[in-house]
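K.L.:
Below you will find the structure I want to go over with you.
Rendered as structure tokens:
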């Protein structure tokens, strides 16, 4: 009886592992570290809303990403851009929003820390999938410590 | 104990090998603090406040109220949408910074100079102001200091008050048109 239970648990674990998203290797991207300096988003006088008074924005234009998809060529898959839940230097996950536009191979979108957004849905045709992203970070200065840092990445879900 | 330690090391190495290399690290520098100040009309215009002292009442210690145009006390964006009362001067200031670098802003005024008319002069210590439309800068008089403190506040914040200037009229001065200029300074080290 004990042996049978162990076998069932192992099978369930194995099935779950297959369905888990896989982090894509993006190390072929030309830039590995992006340094940005935010500016105040609203410059008009008489800002009535504390959120507008403290709103900052940082822009990362023309960021080329290259994703290694050779293992998934011919398979139907969904690729997501993931913003990690832990952003060093950010006091609240609600204090940062990431938005991006693309040149068409990937989908534009938006994500908060701890969430992911779909950027590709279809059959993987090439061993490398790339696009150029224009990323905008929306930040709340009330929750920004010095040394804000995070590592966005991409993960893929392959259809069974 | 030793065996358990070795097993843990082996597991950590296996996990590290399974993760693909990541190319992207975003580093966000601290935002640049900002200060802004408006005294009188917006847009960098120097507002003129006029005091008309009648000969019959000169030096009788009854303050003479200053007059100015509507622009000097006009509204200030969404936060201060109502214009100051007539003949008031708006003083508006903003200082902001991130949580990483909280700052203290200080507003001062240089009232050490004089109003002059030819060789005659009236010190600014003969003037005061009545504050309305805000409480952060209390009513007061010019002390004659080149850096008279009016307000200190922590970032991030906007503050606005309306001030009606007065000539105290305690001394009889030679007749003439006297002109002088006050300079307000906002600092945030």
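Residue numbers (this note's numbering), protein chains in the order written: chain L, 1 to 160; chain D, 161 to 349. Don't be surprised by glycine CBs; every beta carbon is placed ideally from N, CA and C.
Determine the extent of the alpha helix (DSSP H) in which residue 52 of chain L is found, giving its start and end residues.
P.N.:
Reading the first chain from its first residue, position 52 is the one you call residue 52 of chain L. Residue 52 of chain L -> alpha helix (DSSP H) spans 50-53.
K.L.:
I'd like to confirm the pairing. Which residues does DSSP put opposite residue 153 of chain L in its beta bridges?
P.N.:
Residue numbering aside, residue 153 of chain L sits at position 153 when the first chain is read from its first letter. Answer by DSSP bridge pairing, in chain order: L:82.
K.L.:
Distance, Cα to Cα, residue 290 of chain D vs residue 325 of chain D?
P.N.:
Counting from 1 along the second chain, the entry for residue 290 of chain D is found at position 130. Counting from 1 along the second chain, the entry for residue 325 of chain D is found at position 165. C-alpha separation (whole angstroms): 6 Å.
K.L.:
Using the beta-carbon of each residue, which ones in chain L are nearer than 8 Å to residue 291 of chain D?
P.N.:
Counting from 1 along the second chain, the entry for residue 291 of chain D is found at position 131. Near residue 291 of chain D there are no residues of chain L at all, since even the closest Cβ is about 19 Å away, more than 8 Å.
K.L.:
Buried or exposed: which applies to residue 256 of chain D, given that a residue is buried once 16 or more other Cβ atoms fall within 10 Å of its Cβ?
P.N.:
Within the second chain, residue 256 of chain D is the residue found at index 96, counting from 1. Buried, by the Cβ-count rule.
K.L.:
By the criterion of Cβ-Cβ separation under 9 Å, what are the contact partners of residue 40 of chain L in chain D?
P.N.:
The count along the first chain starts at 1 and reaches residue 40 of chain L at position 40. What residue 40 of chain L touches in chain D: 191, 192, 194 and 256.
K.L.:
Use the C-beta contact count for residue 314 of chain D: other C-beta atoms within 10 angstroms, 16 or more gives buried, fewer gives exposed.
P.N.:
Within the second chain, the letter at position 154 stands for residue 314 of chain D. Classification for residue 314 of chain D: exposed.
K.L.:
Could you check whether the region 64-80 of chain L touches the region 222-231 of chain D, counting it as contact only if at least three pairs of C-beta atoms, one from each stretch, sit closer than 8 Å?
P.N.:
Verdict: no, contact absent.
K.L.:
Just mark residue 143 of chain L as buried or exposed, buried being the case when its beta carbon has 16 or more other beta carbons within 10 Å.
P.N.:
Locating residue 143 of chain L in the first chain gives position 143, where the first residue counts as 1. Buried, since its Cβ has 16 or more Cβ neighbours within 10 Å.
K.L.:
Relative to the C-alpha of residue 106 of chain L, which residue among L:97, L:83 and L:124 is closest?
P.N.:
Taking the first residue of the first chain as position 1, residue 106 of chain L is located at position 106. Of L:97, L:83 and L:124, the residue nearest in Cα terms is L:124.
K.L.:
Between residue 295 of chain D and residue 312 of chain D, what straight-line distance do the alpha-carbon atoms span, to the nearest angstrom?
P.N.:
Here residue 295 of chain D is taken as the residue at index 135 of the second chain, counted from 1. Here residue 312 of chain D is taken as the residue at index 152 of the second chain, counted from 1. For residue 295 of chain D and residue 312 of chain D, the distance between alpha carbons rounds to 13 Å.
K.L.:
To the nearest angstrom, how far is the alpha carbon of residue 24 of chain L from that of residue 317 of chain D?
P.N.:
Here residue 24 of chain L corresponds to residue number 24 of the first chain, with the count starting at 1. Here residue 317 of chain D corresponds to residue number 157 of the second chain, with the count starting at 1. Straight-line Cα distance between these residues: approximately 44 Å.
K.L.:
Please compile the residues from chain D whose C-beta is within a distance smaller than 7 Å of the C-beta of residue 79 of chain L.
P.N.:
Taking the first residue of the first chain as position 1, residue 79 of chain L is located at position 79. What residue 79 of chain L touches in chain D: nothing, since even the nearest Cβ is about 14 Å away.
K.L.:
Report the option in D:327, D:342 and D:250 whose CA atom is closest to the CA atom of residue 202 of chain D.
P.N.:
Along the second chain, one-based indexing puts residue 202 of chain D at 42. The option with the nearest alpha carbon to residue 202 of chain D is D:250.
K.L.:
Measuring straight from C-alpha to C-alpha, what distance separates residue 199 of chain D and residue 108 of chain L?
P.N.:
Position 39 of the second chain, counted from the start, is the residue given in the question as residue 199 of chain D. Position 108 of the first chain, counted from the start, is the residue given in the question as residue 108 of chain L. Taking the straight line from one Cα to the other gives about 45 Å.
K.L.:
Counting only Cβ pairs nearer than 7 Å, list the residues of chain D close to residue 117 of chain L.
P.N.:
Residue mapping note: residue 117 of chain L aligns to position 117 of the first chain, counting from 1. None at all; the shortest Cβ gap to chain D is about 15 Å.
K.L.:
Write down the C-beta distance between residue 77 of chain L and residue 156 of chain L rounded to the nearest angstrom, noting that I regard them as a contact closer than 8 Å.
P.N.:
Numbered from its first residue, the first chain carries residue 77 of chain L at position 77. Numbered from its first residue, the first chain carries residue 156 of chain L at position 156. Rounded, the Cβ-Cβ distance is 5 Å, consistent with contact.
K.L.:
In whole angstroms, what is the alpha-carbon distance linking residue 323 of chain D and residue 137 of chain L?
P.N.:
Along the second chain, one-based indexing puts residue 323 of chain D at 163. Along the first chain, one-based indexing puts residue 137 of chain L at 137. So the alpha carbons of these two residues sit roughly 40 Å apart.
K.L.:
Run through DSSP, which three-state label would residue 355 of chain D get?
P.N.:
The structure shown has nothing for residue 355 of chain D, since chain D only spans 161 to 349.
K.L.:
Can you grab the Cα-Cα spacing for the pair residue 212 of chain D / residue 301 of chain D, in whole Å?
P.N.:
Within the second chain, the letter at position 52 stands for residue 212 of chain D. Within the second chain, the letter at position 141 stands for residue 301 of chain D. Spanning the two alpha carbons is a distance of roughly 19 Å.
K.L.:
At 7 Å on the CB atoms, spell out the chain D contacts of residue 37 of chain L, in chain order.
P.N.:
Mapped onto the first chain, residue 37 of chain L falls at position 37. Under the 7 Å cutoff, chain D gives 189.
K.L.:
Which whole-angstrom value is the C-beta distance of residue 44 of chain L and residue 237 of chain D, which I expect to be below 8 Å?
P.N.:
Counted from its first residue, the first chain places residue 44 of chain L at position 44. Counted from its first residue, the second chain places residue 237 of chain D at position 77. Contact flag correct, Cβ pair sits at about 6 Å.
K.L.:
Going by the DSSP bridge assignment, what does residue 28 of chain L pair with across the sheet?
P.N.:
Translated into positions along the first chain, residue 28 of chain L becomes position 28. Per DSSP, none; premise fails for residue 28 of chain L.
K.L.:
Tell me whether residue 320 of chain D is buried or exposed, calling it buried when 16 or more other Cβ atoms sit within 10 Å of its Cβ.
P.N.:
Within the second chain, the letter at position 160 stands for residue 320 of chain D. Residue 320 of chain D should be labelled buried.
K.L.:
Of all the alpha helix (DSSP H) runs that stay within the bounds of the region 80-141 of chain L, which reach a length of 4 or more residues?
P.N.:
The qualifying runs do not exist here; there are none.
K.L.:
For the beta strand (DSSP E) containing residue 270 of chain D, name the first residue and the last one.
P.N.:
Your numbering for residue 270 of chain D matches position 110 in the second chain. Element bounds for residue 270 of chain D: 264-270.
K.L.:
Use the C-beta contact count for residue 62 of chain L: other C-beta atoms within 10 angstroms, 16 or more gives buried, fewer gives exposed.
P.N.:
Translated into the one-based positions of the first chain, residue 62 of chain L becomes position 62. Classification of residue 62 of chain L: exposed, given that the 10 Å Cβ count is below 16.
K.L.:
State yes or no: is the beta carbon of residue 132 of chain L nearer than 9 Å to at least one beta carbon in chain D?
P.N.:
As a working mapping, residue 132 of chain L is identified with position 132 in the first chain. No, because no Cβ of chain D sits closer than 9 Å to the Cβ of residue 132 of chain L.
K.L.:
Look at residue 102 of chain L and residue 140 of chain L and say whether their C-beta atoms are less than 9 Å apart.
P.N.:
Translated into positions along the first chain, residue 102 of chain L becomes position 102. Translated into positions along the first chain, residue 140 of chain L becomes position 140. Against a cut-off of 9 Å, the Cβ pair of residue 140 of chain L and residue 102 of chain L comes out as no contact.
K.L.:
Please list the partners that residue 107 of chain L has in chain D, where partner means a Cβ-to-Cβ separation under 8 Å.
P.N.:
Here residue 107 of chain L corresponds to residue number 107 of the first chain, with the count starting at 1. None at all; the shortest Cβ gap to chain D is about 18 Å.
K.L.:
For my contact list, residue 308 of chain D and residue 276 of chain D are in at a C-beta cut-off of 8 Å; report their separation, rounded to the angstrom.
P.N.:
The residue you call residue 308 of chain D lines up with position 148 of the second chain. The residue you call residue 276 of chain D lines up with position 116 of the second chain. That belief does not hold up - the Cβ atoms of residue 308 of chain D and residue 276 of chain D are roughly 20 Å apart, past 8 Å.
K.L.:
Express the C-alpha separation of residue 37 of chain L and residue 192 of chain D in angstroms, rounding to a whole number.
P.N.:
Position 32 of the second chain, counting from 1, holds the residue named residue 192 of chain D. Position 37 of the first chain, counting from 1, holds the residue named residue 37 of chain L. Spanning the two alpha carbons is a distance of roughly 8 Å.
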